[in-house]
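Visitor: Here you go, one structure.
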Amino acid sequence: MKPTRLIGVALRSILKNKMRTLLTMLGVVIGVGAVIVMVAIGEGAQSKIRAQIDNLGTNMIVVTPGSSSQGGVSQGAGSLNRLTVEDAEALKSESFLLSAVSPSIVAPTQVVGGQGNWRSAIFGVATDYQLIRDWPVSSGRLFDESEVRSMRKVAVIGTTVAEALFPGEDPVGQQIRLRNVPFEVIGLLTEKGQTAEGSDQDDVVLAPYTTVKNRLSGRSFIAQILASTATPDDVAAAQEEISSILRERHGLADWEADDFTVRNQTDLAATAEETTEVMTLLLAAIASISLLVGGIGIMNIMLVSVSERTREIGLRLALGARSSDVLRQFLVESTVLSVLGGLIGVGLGVAGATILGRLTGWATLISLQTVLVSLGFAASVGIFFGFWPSRRAAALDPIEALRYE
Amino acid sequence: MSEPSHDRRHHDDTPVILATGLERVFEIGQNQVRALRGVDLKIRRGEMVAIMGTSGSGKSTLMNILGCLDPPTSGTYRLDGVRVDELNKDELADVRNQKLGFVFQKFNLLARTSALENVELPLLYDRSGRQMEPRQLATAALERVGLGDRLDHQPNELSGGEQQRVAIARALVTEPSLLLADEPTGNLDSRTTLEVCTLLQELNELGLTIVLVTHEPEVAQYAERIVELRDGQILRDQPVGDRRSAASDLKQLRSKDEGRAA
Chain G
35 MKPTRLIGVA
45 LRSILKNKMR
55 TLLTMLGVVI
65 GVGAVIVMVA
75 IGEGAQSKIR
85 AQIDNLGTNM
95 IVVTPGSSSQ
105 GGVSQGAGSL
115 NRLTVEDAEA
125 LKSESFLLSA
135 VSPSIVAPTQ
145 VVGGQGNWRS
155 AIFGVATDYQ
165 LIRDWPVSSG
175 RLFDESEVRS
185 MRKVAVIGTT
195 VAEALFPGED
205 PVGQQIRLRN
215 VPFEVIGLLT
225 EKGQTAEGSD
235 QDDVVLAPYT
245 TVKNRLSGRS
255 FIAQILASTA
265 TPDDVAAAQE
275 EISSILRERH
285 GLADWEADDF
295 TVRNQTDLAA
305 TAEETTEVMT
315 LLLAAIASIS
325 LLVGGIGIMN
335 IMLVSVSERT
345 REIGLRLALG
355 ARSSDVLRQF
365 LVESTVLSVL
375 GGLIGVGLGV
385 AGATILGRLT
395 GWATLISLQT
405 VLVSLGFAAS
415 VGIFFGFWPS
425 RRAAALDPIE
435 ALRYE
Chain X
4 MSEPSHDRRH
14 HDDTPVILAT
24 GLERVFEIGQ
34 NQVRALRGVD
44 LKIRRGEMVA
54 IMGTSGSGKS
64 TLMNILGCLD
74 PPTSGTYRLD
84 GVRVDELNKD
94 ELADVRNQKL
104 GFVFQKFNLL
114 ARTSALENVE
124 LPLLYDRSGR
134 QMEPRQLATA
144 ALERVGLGDR
154 LDHQPNELSG
164 GEQQRVAIAR
174 ALVTEPSLLL
184 ADEPTGNLDS
194 RTTLEVCTLL
204 QELNELGLTI
214 VLVTHEPEVA
224 QYAERIVELR
234 DGQILRDQPV
244 GDRRSAASDL
254 KQLRSKDEGR
264 AA
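Chains as they are written, first to last, in my numbering: chain G, 35 to 439; chain X, 4 to 265.
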């Protein structure tokens, strides 16, 4: 029989019993729908994280103190914290590939000013910081090179801090006090939102690193050095360059491990994505179980259908159908059943994911790949669970089948 | 039937059925049941033969072997000049499709399926590529049995006699060498029985070879030859002395009914 004919015959016999067909497909409908919704949530989270990592700034490289986590035994980060402001300055002057370098000195402290008190993180950075993080101001300006050199007490604040201290006011030109040192607010950063981990990026105060180092914290070690290259292609080479410059400055012998870690955004993204990928996989696995259960439902009904239609099978055999024709007919029937259920499931899943996204504000993402894979999975469930009933149908003896009551 | 098969009746002397020494032994647990014990049967083209016998006489077994549904344990069977006792399952399926037409006691029509699609069914399994226009052939077969106005009716919208005529159309659509009818009137009242017998006789007149299994002696009288089985052997094989015409019996019945009504 021609394939189109086979499918036609299958569709006709499926449509003869609409209610049962619907109930049989329900398992697959729910299974495929669940897979689509779950994967949509997982992939949505993944793409959100990716977008946020891009949001950190383009071509960014982060140098942190401490040994590399990939190699050897990790020593306590503090014991090895030998990154200095001078390292950052050296990178800036010696590197060929880096277009921007900024140290980042962190000093958690109480911010006093305007309406009151706010505990926030003060970051001592260079002017390049804005370039690296790709983070412009929405009003005012960032401090310039001369202000950094002269250790001016100026600050640029994030929107969260601005709202806490100066609600409804323009903070530019206002005074704030950090550890009793008065600073002038000269700029307000644009809003960045939360990081993938959920910390508020806008809860921040930026000041010249020279000022923070000498007038606030007094620490000579810094939390990290941020850098960026002109193009993404240079990132890998720039990481090597940073390594060799810092190793030389720290006087490390060849056999000694790095006392710092150089990471780029891809590494950061990979870590974050790995987490969400595991989550997506887990959700998909749970959802596929319901698809499997749906398959068992199909097998159940196909077995019932084979014994109900024993006489029909006998008749077909008597009229010249070969066993292989009967096998194929029932296999196509169960496959059509599951694919039909799959299609409905895709429809419901897409609708469900969209509605869920609207209601909860979660990012959901449905890729064509997800749809095709879950449809393919549904089809193979139909073939797999339809095989045994079909075999039973094909093995029937025409004489006994015709006599069956 | 169409003209070509009518011609065959006169020019082709190969018997449709030539069976010698047919035996069939069933193994049931430890026991052996010999359902057929050496049956020789020859049926010429264009004959209409009734096979009779009580239950357990082996007539169903013989029917199944003649219908290529069951192979004999020993003996040879030539259908239309071709040895079929040695064919495998798939080859037998093809023989059934191309050379045989079946009519059953219980009609065996597909429910919720139009008459036309029921008649098309055997053409779906035709591998020889002879049948190019299933729809037209099925329509012609239904017209032949007088159901040209019922093409789209489903079995539950048809009377018993009409359902059996659809089944006969289904058996005719492949232009078989042999029509095998297994108790075709077993589920029908006497009047419908006559209608179906009239149709079978008409088809036989046009050259179709018919083998009919029945336990009703009145029905067997419409055949030209009766083969009676007992205990797996042929007890009697003789021509019908005064073959009755189902058409005239039907006419008689109708006038009687009208007389009673008036």
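Beta carbons are placed, not taken as given, at the ideal position from N, Cα and C, and that holds for glycine.
Just so you know, these numbers come straight off a predicted model, no measurement behind them.
Going by DSSP, what residues sit across from phenylalanine 177 (chain G) in a beta bridge?
Guide: Phenylalanine 177 (chain G) pairs with nothing; no bridge assigned.
Visitor: Please classify glycine 202 (chain G) as buried or exposed, where buried requires at least 16 neighbouring CB atoms within 10 angstroms.
Guide: By the 10 Å Cβ count, glycine 202 (chain G) comes out exposed.
Visitor: According to the neighbour-count rule (16 or more other Cβ atoms, all chains shown, within 10 Å of its Cβ), is leucine 371 (chain G) buried or exposed?
Guide: Burial call: buried.
Visitor: Measure the beta-carbon distance from glycine 104 (chain X) to proline 179 (chain X) and round it to whole angstroms, keeping in mind my assumption that it falls under 8 Å.
Guide: With 8 Å as the limit, glycine 104 (chain X) and proline 179 (chain X) qualify as a contact, their Cβ atoms being about 4 Å apart.
Visitor: Kindly say whether tyrosine 128 (chain X), judged by its beta-carbon, lies nearer than 8 Å to any beta-carbon of chain G.
Guide: Tyrosine 128 (chain X) counts as touching chain G.
Visitor: So, for valine 52 (chain X): in the same chain, excluding its five sequence neighbours on each side, which residues have a beta-carbon less than 8 Å away from its beta-carbon?
Guide: Only Ile46, Ile213, Val214, Leu215, Ala226, Glu227, Arg228, Ile229 and Val230 meet the Cβ criterion.
Visitor: Which of the three DSSP states, helix, strand or coil, is assigned to arginine 437 (chain G)?
Guide: Arginine 437 (chain G): helix per DSSP, three-state reduction.
Visitor: Please check if any C-beta of chain G sits within less than 8 Å of the C-beta of leucine 45 (chain X).
Guide: First, the residue type needs correcting, since residue 45 (chain X) is lysine and not leucine in the sequence shown. Not one chain G Cβ lies under 8 Å of lysine 45 (chain X).
Visitor: Find the residues of chain G that neighbour lysine 92 (chain X), judging by a C-beta separation of less than 9 Å, and give them in chain order.
Guide: Those within 9 Å of lysine 92 (chain X) in chain G are Arg356 and Ser357.
Visitor: Quick check: the Cα distance between lysine 247 (chain G) and tyrosine 163 (chain G), rounded to an integer number of angstroms?
Guide: Taking the straight line from one Cα to the other gives about 16 Å.
Visitor: If you draw a straight line from the C-alpha of alanine 435 (chain G) to the C-alpha of arginine 345 (chain G), how long is it?
Guide: C-alpha separation (whole angstroms): 5 Å.
Visitor: Applying a beta-carbon distance threshold of less than 7 Å, which residues of chain X neighbour lysine 50 (chain G)?
Guide: By Cβ distance, chain X contributes Arg115.
Visitor: In the structure shown, what three-state DSSP assignment does phenylalanine 200 (chain G) receive?
Guide: Three-state result, phenylalanine 200 (chain G): coil.
Visitor: Pick from G:Ile95, G:Arg183, G:Gly207 and G:Met333: whose alpha carbon is nearest that of leucine 125 (chain G)?
Guide: The candidate whose alpha carbon is nearest that of leucine 125 (chain G) is G:Ile95.
Visitor: Answer with buried or exposed for glycine 416 (chain G), where buried requires no fewer than 16 other C-beta atoms within 10 angstroms of its C-beta.
Guide: Answer is buried; the Cβ neighbour count reaches 16.
Visitor: So which residues on chain X does proline 37 (chain G) lean against when the C-beta distance must stay under 7 Å?
Guide: Those within 7 Å of proline 37 (chain G) in chain X number zero; the least Cβ separation is about 13 Å.
Visitor: Give every residue of the same chain whose Cβ lies closer than 6 Å to the Cβ of asparagine 51 (chain G), excluding the five residues on either side of it in the sequence, and list them in chain order.
Guide: Cβ within range, chain order: n/a, list empty.
Visitor: In this structure, does DSSP put tryptophan 152 (chain G) in helix, strand or coil?
Guide: Tryptophan 152 (chain G): strand per DSSP, three-state reduction.
Visitor: Can you tell me the Cα-Cα spacing of serine 254 (chain G) and alanine 134 (chain G), whole angstroms?
Guide: Here the model assigns serine 254 (chain G) a pLDDT of 46, short of 50, so the residue's position is not dependable, and the following value carries that caveat. Spanning the two alpha carbons is a distance of roughly 21 Å.
Visitor: Applying the 10 Å Cβ sphere with the 16-neighbour rule, what's the burial state of tryptophan 169 (chain G)?
Guide: By the 10 Å Cβ count, tryptophan 169 (chain G) comes out buried.
Visitor: Who are the Cβ neighbours of tryptophan 152 (chain G) in its own chain at under 7 Å, not counting the five residues just before and after it?
Guide: Answer for tryptophan 152 (chain G): Val145, Val195, Ala198 and Leu199, listed in chain order.
Visitor: Need the endpoints of the beta strand (DSSP E) that isoleucine 54 (chain X) sits in, please.
Guide: Where isoleucine 54 (chain X) is concerned, the enclosing beta strand (DSSP E) stretches over 51-55.
Visitor: Of all Cβ atoms in chain X, is any one closer than 8 Å to the Cβ of leucine 452 (chain G)?
Guide: Summary: the structure shown does not reach residue 452 (chain G), with chain G confined to residues 35 through 439, and so no result is reported for it.
Visitor: Tell me whether the beta-carbon of isoleucine 276 (chain G) lies closer than 8 Å to the beta-carbon of leucine 117 (chain G).
Guide: Going by C-beta atoms, isoleucine 276 (chain G) is not nearer than 8 Å to leucine 117 (chain G).
Visitor: Using the beta-carbon of each residue, which ones in chain G are nearer than 9 Å to alanine 38 (chain X)?
Guide: None at all; the shortest Cβ gap to chain G is about 12 Å.
Visitor: Between G:Val140, G:Thr143, G:Thr398 and G:Pro137, which has its C-alpha nearest valine 384 (chain G)'s C-alpha?
Guide: Per the Cα distances, G:Thr398.
Visitor: Which of the three DSSP states, helix, strand or coil, is assigned to arginine 442 (chain G)?
Guide: Shown here, chain G extends from 35 to 439; a query on residue 442 (chain G) therefore has no answer.
Visitor: From the DSSP output, read off the bridge partner residues of glycine 147 (chain G).
Guide: Note: glycine 147 (chain G) sits in a beta bridge opposite G:Gly150.
Visitor: Where alanine 241 (chain X) and glutamate 261 (chain X) are concerned, what is the direct C-alpha to C-alpha distance, given to the nearest angstrom?
Guide: The amino acid occupying residue 241 (chain X) in the given sequence is glutamine; alanine does not appear at that position. Answer to the nearest angstrom: the Cα atoms are 37 Å apart.
Visitor: State buried or exposed for proline 220 (chain X), treating a residue as buried only when at least 16 other CB atoms are found within 10 Å of its CB.
Guide: By the neighbour-count rule (16 or more Cβ atoms within 10 Å), proline 220 (chain X) is not buried but exposed.
Visitor: Got a sec: is the Cβ-Cβ distance from alanine 96 (chain X) to anything in chain G below 8 Å?
Guide: Yes, contact with chain G.
Visitor: Cβ of proline 137 (chain G) within 7 Å of any heavy atom in the ligand SAM?
Guide: The ligand SAM is not part of the structure shown, which contains no ligands of any sort.
Visitor: Could you give the first and the last residue of the continuous beta strand (DSSP E) run that contains aspartate 162 (chain G)?
Guide: Element bounds for aspartate 162 (chain G): not the beta strand (DSSP E) but the alpha helix (DSSP H), 162-167.
Visitor: Can you pull the DSSP bridge partners for arginine 228 (chain X)?
Guide: In the DSSP output, where bridge partners are listed per residue, arginine 228 (chain X) has X:Val52 and X:Pro242.
Visitor: Cβ closer than 9 Å: which chain X residues qualify as neighbours of glutamate 434 (chain G)?
Guide: None at all; the shortest Cβ gap to chain X is about 10 Å.
Visitor: With a cut-off of 8 Å, does the C-beta of phenylalanine 29 (chain X) fall near any C-beta of chain G?
Guide: Chain G, which has no Cβ nearer than 8 Å to the Cβ of phenylalanine 29 (chain X), makes this no.
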